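Numbering (the numbering used here), first residue to last: 18 to 291.
Encoded as structure tokens, the structure appears first; notes follow it.
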Amino acid sequence: MSPDPTPLLSVRDLRLATADHELVHGVGFDVHRGQALGIVGESGSGKSLTCRAILGILPRGVEVATGSVRFDGAELIGRRDRDWRGLRGIRISAVFQDPASYLNPSIRVGAQLAETLRVTLRLGRRAARERSLELLASVGLHDPLAVSRQYPFELSGGMLQRVLIAISVSASPELLIADEATTALDVTVQAEVLDLLEDLRRDLGLTLILVSHDLAVVSQVCDDVVVMRDGSIVEAGPAPELLSRPRHEYTRSLIENHREYGIEKFLGTEAIDA
Ligand SMILES: Nc1ncnc2c1ncn2[C@@H]1O[C@H](COP(=O)(O)OP(=O)(O)OP(=O)(O)O)[C@@H](O)[C@H]1O
Ligand SMILES: [Mg+2]
């Protein structure tokens with residue numbers, strides 16, 4: 018028996034609906050501590066809504082119809098705002114596409130990071146400033162002092178996403194949800210940010226949920242993959258198995274679409290038998 022049989026996150030029969038129709042039809046998966054789960058599927062398949070339900074930030078008009086989301090054994094569904102204190106942004110954190118929209122354009126990056134630390138970790142001014150520089154360095158920004166003095170518009174998309182990742186891991190979360198966090202970046206920068214997530218996972222013992230419409234992206238990082246389509250999970254399993262022996266036609270089509278981008282390199286010696 019493994020030493021920690023209880024998953025860090027356990028989603029069961031999660032149904033999300035608006036007043037007149039269901040959007041997510043009973044999804045379920047487990048993520049164990051230190052593992053990385055990939056959620057993949059085309060646009061509109063319900064990936065983001067599923068993540069938002071986990072984070073307790075569903076868009077207005079979308080509600081949890083039934084289901085359970087347990088984090089470290091505790092139910093998250095049905096919590097009131099104040100019951101999220103100490104949880105969202107602290108133990109469970111997230112990064113999304115379009116990092117610029119999460120930063121104030123008129124405040125220097127270092128000050129924004131320091132302010133987060135003052136609020137979440139209750140650090141004093143000086144300690145927050147010092148910790149900010151350490152965090153910026155830890156996400157691979159080579160001149161943290163220079164970066165901290167810049168305004169968001171002065172940084173590239175990849176650098177901004179590193180800053181957002183620094184903010185999201187600043188309180189040492191156990192679970193980090195990255196929803197299309199690399200999608201807007203060009204291919205080289207995307208690979209660098211994925212490398213960073215892998216490093217953080219290893220160095221901080223982070224548990225990761227990585228969402229992408231791109232199977233090659235999740236294959237690079239994830240142990241397990243969930244394939245969603247039209248609000249349902251069509252296939253799930255360990256990444257190498259799912260990639261080398263996809264059972265579902267839709268998964269096969271995702272793999273086929275990616276052959277040209279070299280998904281084979283994630284498969285080791287085993288050829289895709291689609
Ligand atoms: N606020 C909302 N009100 C009504 N329907 C919504 C709302 N948000 C999302 N939906 C619908 O729910 C479905 C799933 O959306 P979701 O954003 O989870 O997809 P996704 O898999 O993240 O897609 P993408 O790859 O484009 O990010 C879509 O059909 C979408 O139109
Ligand atoms: Mg989405």
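Beta carbons: idealized from backbone N, C-alpha and C, even for Gly.
Computed from a predicted structure; not experimentally measured.
Sequence-distant residues of its chain with Cβ nearer than 7 Å to residue i (five each side left out)
i: Leu-152; result: Leu-130, Ala-183, Ser-187
i: Leu-72; result: Arg-105, Ile-109, Ala-111, Ile-194
i: Arg-148; result: Leu-134, Leu-140
i: Arg-29; result: Gly-45, Gly-84, Ser-85
i: Leu-211; result: Thr-199, Val-234, Gln-237, Val-238
i: Ala-288; result: Any reading at Ala-288 needs caution, since the residue's pLDDT is 43, under 50, leaving its predicted position unreliable; the model's value is listed next. Counting only Cβ-Cβ distances below 7 Å, and skipping sequence neighbours, we find nothing.
i: Ile-107; result: Thr-137, Ala-188, Pro-190
i: Gly-90; result: Thr-23
i: Ala-82; result: Arg-32, Leu-33, Ala-34, Glu-39
i: Asp-37; result: none
i: Val-150; result: Reading off the sequence shown, one finds Leu at residue 150, where the question assumed Val. Taken in chain order, the residues that qualify are Pro-161, Leu-162, Ser-165.
Residue environment, residue i, which counts as buried when at least 16 other CB atoms sit within 10 Å
i: Thr-23; result: exposed
i: His-275; result: buried
i: Leu-33; result: buried
i: Asp-290; result: A caution first: Asp-290 carries a pLDDT of 43, below 50, which makes its placement in the model unreliable, though a value can still be read off. Flag for Asp-290 reads exposed.
i: Arg-77; result: exposed
i: Glu-197; result: buried
i: Thr-205; result: exposed
i: Arg-142; result: exposed
i: Thr-35; result: exposed
i: Ser-173; result: exposed
i: Pro-263; result: buried
i: Leu-162; result: exposed
i: Pro-122; result: exposed
i: Ser-155; result: buried
i: Gly-222; result: exposed
i: Phe-113; result: buried
i: Phe-170; result: exposed
i: Ile-124; result: exposed
i: Ser-60; result: exposed
8 Å Cβ shell around residue i - same chain, five flanking residues per side excluded
i: Asp-115; result: Ala-201
i: Ala-253; result: Phe-46, Asp-241, Val-242, Val-243, Val-244, Leu-259
Same chain only: Cβ atoms within 6 Å of residue i, ignoring 5 sequence neighbours per side
i: Arg-69; result: Leu-75
i: Val-251; result: Val-244, His-265, Tyr-267
i: Asp-241; result: Leu-54, Pro-255
i: Val-235; result: Gly-55, Val-57, Leu-227, Ser-229, Val-242
i: Leu-232; result: Val-57, Leu-271, His-275
i: Gln-207; result: Thr-199
i: Leu-259; result: Val-242
i: Val-180; result: Val-126
i: Trp-101; result: Gly-73
i: Ser-249; result: His-42
i: Glu-80; result: none
i: Ala-117; result: Pro-169, Leu-177
Residues sharing a beta bridge with residue i, DSSP
i: Ser-249; result: Arg-246
i: Ile-226; result: Leu-54, Ile-194
i: Ser-27; result: Asp-47, Arg-87
i: Ala-111; result: Ile-194
i: Leu-202; result: DSSP output for Leu-202 lists no bridge partner at all.
i: Asp-241; result: Leu-54, Pro-255
i: Val-41; result: Leu-33
i: Glu-59; result: Bridge partners of Glu-59: none, in fact.
i: Glu-80; result: Ala-34
i: Arg-143; result: Partner(s): none; Arg-143 has no beta bridge.
i: Arg-105; result: Ile-109
i: Glu-92; result: Arg-87
Heavy atom of ligand 3 within 6 Å of residue i beta-carbon
i: Leu-232; result: Ligands displayed in this structure: ligand 1 and ligand 2; ligand 3 is not among them.
**Request:** Quick one: residues with CB closer than 7 Å to any heavy atom of ligand 2, in chain order, please.
**Result:** Taking each Cβ in turn, the ones that pass are Lys-64, Ser-65, Asp-196, Glu-197, Val-228.
**Item:** Segment contact flag, the region 179-199 with the region 120-131, C-beta cutoff 8 Å, min 3 pairs
**Value:** These segments touch.
**Asked** Three or more beta-carbon pairs under 8 Å between the region 256-274 and the region 96-104, yes or no?
**Response** no
**Request:** Determine contact between the region 56-69 and the region 231-246, defined as no fewer than three beta-carbon pairs at a distance below 8 Å.
**Result:** yes
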